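Sequences listed follow chains A and B, in order.
Take 924 as the starting number for the first sequence in the working numbering and just add one per residue.
Take 62 as the starting number for the second sequence in the working numbering and just add one per residue.
First up is the structure itself, then whatever we jot down about it.
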Amino acid sequence: MSQAFRSSQGGRIDRSRPLRFRFDGREYTGYVGDTLASALLANGVRVTGRSFKYHRPRGLMAAGFEEANTLVQLESGARTQPNLRATQIELYDGLEARAVNCWPNARHDVFGFFQLLKPFWPAGFYYKTFMAPSWHLYEPAIRHGAGLGVSPKLADPDVYDKCHAQADVIVVGAGPSGLAAAIAAARDGASVVLVDDKPALGGSLQYEPGLVEGLPAADWLKAREDEIRSLPNIRVLGCTTAFGYYDHNHLLANELLPAGGTSPRQRLWKIRGRQIVLATGALERPLVFPNNDRPGVMLAGAALQYLHRHGVLPGRRVAIATNNDSAYAVAFELRKAGVEVVQIADSRGGQPAPLAQAQVLGIPVTMTCAPTDTRGRSGLQRVELHDVNGQGQAQPGTGRWLDADVLLVSGGWNPTVHLFSQSGGALRFDDQQQAFVPHRLAQAGHLVGAAAGQAERDIAVEAARVAGRDAAANRIVRELAPVASTAQAALWSVNVEAIGRGPSKSWVDFASDSTESDLRLSARENFVSVEHFKRYTTTGMMTDQGKTSNVNAIGILSGVLGKAPGEVGTTRFRPPFNPVTFGAIAGRNVGAYYRPLRQLAAQEAHDAAGAKMEDYGAWMRPAFYPQAGEQESATIHREVLAVRSGVGILDYSPLGKILVQGPDAAEFLTRVYVNNVRTLKVGACRYGLMLGEDGIVKDDGVLTRWSENSYLVGTTSGQADRIVEWMEEWLQCEWVDLDVTVESVTTQWAVVMLAGPKAREVLSRLDSGIDLAAAAFPHMSAREGRIGDVPVRVARVSFTGELGYEISVPWQYGLSLWNALLEAGKPLGIIPFGIESLMVMRTEKGFLHVGSDTDGLTLPQDVGFGAIIDKKPEDFIGRRTTMTPDGRRTDRRQLVGLAPVDGASLLPVGGHVVDAAFKAASGHTQGWVTSSFMSPTLGRPVALALVERGRERLGEQVQVFDGGKLLPAKIVSMTAYDPEGERLRM
Amino acid sequence: MLKIDCPFCGPRDEAEFRCGGESHIQRPGPHDAVSDAQWADYLYMRQNPLGWHFERWLHAAGCRQWFNLARHTVTHEVRVVYAMTAPKPQVEATEVRS
Ligand SMILES: [Zn+2]
């Protein structure tokens, strides 16, 4: 297919470099300098998408960010990207894209029958219809019919980067005003970052005719480009879209890099500016009238862009409908390019300034006239016009049809205030301009050009220079003064009631497929707030964030509600201004770089032993060590029995270790622990709990006193960093008079847990110089020694219920220690065991695991620390909360053991404990199972549970409810294994 | 993202910090001399002002020191950065917009 709509000359394209591309399965050609959109238009492709809800055929309606109809799935496989606007894709050779939301393609879409359902699909339809019993039941089917593009199924092969920068002045937008501001700021010595989404500078100068400061636009632009090249303090970021304006002038922008090659695919820029100058231009409003969504109805300004930027003619017979002067210039340029302009319908009365030139060119202009309907299969063929009065009401008996293949519309211009609104800036409705314009600034910066509501180019450029100098000098502007402008007449919608029709097909938001009748319906249903209208009708809720619809919607609501548009108000714009890929947001933090890897000192030995590594919070740790062909449960069974009957070792290095030192260390720890700390002697260990100030059990572990003023706090492995930070907070913010330092030494010491009745015998084979005899080195004590030159610390503690030692050496000796213990234990049948086996053993023994057996409501008295607290005289963190009426309640859930009555059924973790008489599935829960395992040692299941009044109910029979089933169980002691603790004292 | 001027390290991105909430809250004690109401007030009741808020921040990915600052809850302007032990400073009233 030839490029039938390509102009014979002009446009910033390279006609010597054709590009081949495919759209919806068909092959086309375009040129370097095209976007996908301009190339489609050049090839006469009119239907480029299907609408979101009703699958109505749609065509290109804009040329930039605001395109609401033409969303495509770009490429396929791992590099596919959904929902890109065709207007924002620079064409390249071999590009492949298809329209989203249609099947098999935009021309023939099987879901097109949806539009017949339109009368049954009003505003709030989803909320009203699909609620019983649950929205989630309907969602998959609806999403299939009304979905947009599909996300990639394969891993992204590309790399994305993040870059940080700072500047005295950031300028967003490289149109005439942005260029003037950036150059003025740089001339005054400021460092400047100039951000623009296009590859070339110039913005509207690329396509708008006329002079700038007496020079042809191209010459003026050339001079500015030369000037920028001569200023080393201006950094230009092209192909970079600023999408987020956050607190303290923090600007986020996304840079697209050329496909292929070795560079990253995109770069996410985080730029901090002392001042930010917004030169973001303006967006044109469509006109709202029946069937205004037919392919071929396009924004007038977009046609000008296609003509002069890309050398593409929008059609052959062009009609124009406008309520302002700007569309006349488009008519004149099209006429110059040889396009027949059959009619300008101007809704205003009077004699607009460009009327004379239109008459000179012989372009018919009809005043007080507006479109009221369109016709045409797969694209516009005819436009109906009516006379309208000052309120935009079509007058009966004035209708006539006009043949045209394109209708260019202009409903006026809105300053592009999205970033300004994100920054916290407040808008004001300007009656003169009939638009929301920036008013009060919340952050240090300026607005220039059309973004400030400034329509006169030369005046805007001069004002931008002043703003650039002000920004360089860091002058603060709080409020923008109104700019002088000619009076504009609003035409929020063409009212067709008087000619006996309704607004059910007068589209307001093309992207979300919502109409003027949706807005009117929601007003009838008593919605009042503009935020509610937006959500109920979904107007402005799609990925274009209502760039072409919001202000028209507010205008229509102002009429319906009888309020001025300024009183209706606007919704706050949120980032991102333009969609950003997840790849750019993730940057390099993917795969192995998702978070820093923490590796055990003896990792090499675990790998060699075939350990099954699993993610336990901050660390990858051996879960168990399966032998060839061995199932997980069999491995755990074997490991547990080996430890209970002989000896095993476990890599315990991730154990949190915090060194607490200083003259006030004991005082500090007394305030931190539930337990009595003052009575702890040098060389002794004590198991203790820490609470938050809310009384909830925060962490547990073993506290060791190594010397008079030096303690080692043990924490659970995932908590060490948080506990250090928490202790620092108390010391720095509350108890500033205490002379204490805290320091995390978790990764300074590698730790091996040695457990089992033969542990002492194994340890004695390493010459540490420590007397291991039970009397000299009893349970819950710690000793220092040396193995050769290496300092070693040994704590006799146990989390398995067996005789146990935790042996610490400097981290770099972790692997040597591991190997030495394995070697020493070989004659005794030593085995390595993993976390899963440890969890089984501690449950058999009834040892608490914070986070499993406690939750966000568990107080220390619930887990058996009531008596310890009673005996402690001092205050400690959280103590007062344990004494509140809720803390003293007698029906609190307490941690107890639970045994199945049949002696065989595993009680499900999370299963609810109910009383023996319980029948139905709804009712009062008395607690739940927190830990549960099949005990290899006892040959029956063991479980722990939080149960109401659990401790006074020992022996009582209850039931465990899970998934509709009830299992009889008995409340028993927490300690199923070795209740006397004899094995710990061996 | 706020820009916070750490008194020890200089201006840094908010991502390096952690907010510890309202500052200048006196911990009542000891436990046996505090009423339930006093304790609840200490634990849960916060100012939530429209205007200047005095709060404590930790430079977690930096010097790991806590300090206080005054932040405007509407504009997010950070006005005064001061030591943990310093008294609450006077901050001039600012026009509040919402
Ligand atoms: Zn710091």
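Positions of the beta carbon are idealized from the N, C-alpha and C atoms, including for glycine.
Since we're looking at a predicted model, the values are computed, not measured.
- Which of helix, strand or coil DSSP assigns to A/Asn-1337: strand
- Which residues in the same chain have their Cβ closer than 7 Å to the Cβ of A/Val-1824, if we skip the five residues on either side of it in sequence? Gln-1880, Pro-1891, Ala-1892 and Lys-1893
- Select from the segment 1356-1385 of chain A all residues with a C-beta closer than 8 Å to any C-beta belonging to chain B, and list them in chain order. Arg-1363 and Ala-1365
- Quick one: does B/Glu-153 have its CB under 8 Å from some CB of chain A? no
- Where A/Gly-1904 falls, given that 16 or more other Cβ within 10 Å makes a residue buried: exposed
- What residues from chain A crowd round B/Thr-146, counting only those whose CB sits closer than 8 Å? Val-1659
- Helix or strand or just coil, what does DSSP make of A/Tyr-1169? strand
- What's the C-alpha gap between A/Thr-1493 and A/Glu-1448? 20 Å
- Are the C-beta of A/Asp-1798 and some C-beta of chain B separated by less than 8 Å? yes
- Message: Given this structure, state the Cα-to-Cα distance separating A/Leu-1861 from A/Gly-1826, to the nearest angstrom.
- Response: 11 Å
- Query: In whole angstroms, what is the alpha-carbon distance linking A/Ala-1541 and A/Asp-1084?
  - Reply: 25 Å
- Query: Do we get a CB-CB distance below 8 Å when we pair A/Ala-1892 with the residues of chain B?
  - Reply: no
- Task: Determine the closest residue to A/Lys-965 out of A/Leu-1174, A/Gln-1228 and A/Val-1118, with distance taken between C-alpha atoms.
- Result: Position check: residue 965 of chain A holds Ala in this sequence, whereas Lys was assumed. That would be A/Gln-1228, whose Cα lies nearest to the Cα of A/Ala-965.
- Task: Determine the chain B residues that contact A/Thr-1494 at a beta-carbon separation under 9 Å, and present them in chain order.
- Result: Those within 9 Å of A/Thr-1494 in chain B number zero; the least Cβ separation is about 15 Å.
- Task: Return the chain-ordered list of same chain residues with a C-beta closer than 8 Å to the C-beta of B/Ser-159, the five sequence neighbours on each side being excluded.
- Result: Confidence is the limiting factor: at B/Ser-159 the pLDDT is only 41, short of 50, which leaves the residue's position unreliable and the question unanswerable from this model.
- Message: Tell me the residue span of the alpha helix (DSSP H) that contains A/His-1455.
- Response: 1453-1460
- Message: Does any residue of chain B have a CB that is nearer than 8 Å to the CB of A/Asp-1084?
- Response: no
- Item | Any non-hydrogen atom of ligand 1 within 7 Å of B/Gln-126 CB | yes
- Message: Relative to the C-alpha of A/Arg-1424, which candidate in A/Ala-1386, A/Gly-933 and A/Pro-1213 has its C-alpha closest?
- Response: A/Pro-1213
- Task: For the segment 1084-1096 of chain A and the segment 1381-1401 of chain A, state whether three or more C-beta atom pairs, one from each stretch, are separated by less than 8 Å.
- Result: yes
- Give the DSSP-derived three-state secondary structure of A/Thr-1848 in the structure shown. coil
- What residue from A/Arg-949, A/Gly-948 and A/Gly-956 has the CA that sits closest to A/Ser-939's CA? A/Gly-956
- Query: Do you know offhand how far A/Lys-1145's Cα is from A/Gly-1334's?
  - Reply: 32 Å
- Task: Decide if the segment 994-1003 of chain A is in contact with the segment 1475-1484 of chain A; the criterion is three or more beta carbon pairs, one per stretch, under 8 Å apart.
- Result: no
- Answer yes or no: does any C-beta atom of chain A fall closer than 8 Å to that of B/Lys-64? yes
- Message: If we define contact as Cβ-Cβ less than 8 Å, is A/Met-1650 a contact residue for chain B?
- Response: no
- How many Å lie between A/Met-1897 and A/Gly-1810 at the Cα? 22 Å
- Message: I need the DSSP call for A/Leu-1350, collapsed to helix, strand or coil.
- Response: strand
- Message: Rounding to the nearest angstrom, what Cα-Cα distance links A/Thr-993 and A/Gln-1526 in this structure?
- Response: 53 Å
- Which term fits A/Ala-1673, buried or exposed, when burial requires 16 or more other beta carbons within 10 angstroms of its beta carbon? buried
- Are A/Ser-961 and A/His-1233 close, meaning C-beta to C-beta below 8 Å? yes
- Query: Taking 8 Å as the CB-CB limit, is B/Asp-102 close to chain A?
  - Reply: no
- Message: Cβ closer than 8 Å: which chain C residues qualify as neighbours of A/Gln-1655?
- Response: Absent from the structure is chain C; the protein chains it does hold are A and B.
- Query: Within 8 Å (strictly less), CB to CB, does B/Ala-121 reach chain A?
  - Reply: yes
- Task: Could you tell me whether any non-hydrogen atom of ligand 1 is closer than 7 Å to the CB of A/His-1369?
- Result: no
- At a Cβ cut of 7 Å, what residues of the segment 82-113 of chain B count as close to chain A, listed as they run along the chain? Arg-88, Gly-90, Pro-91, His-92, Val-95, Asp-97, Trp-100 and Leu-104
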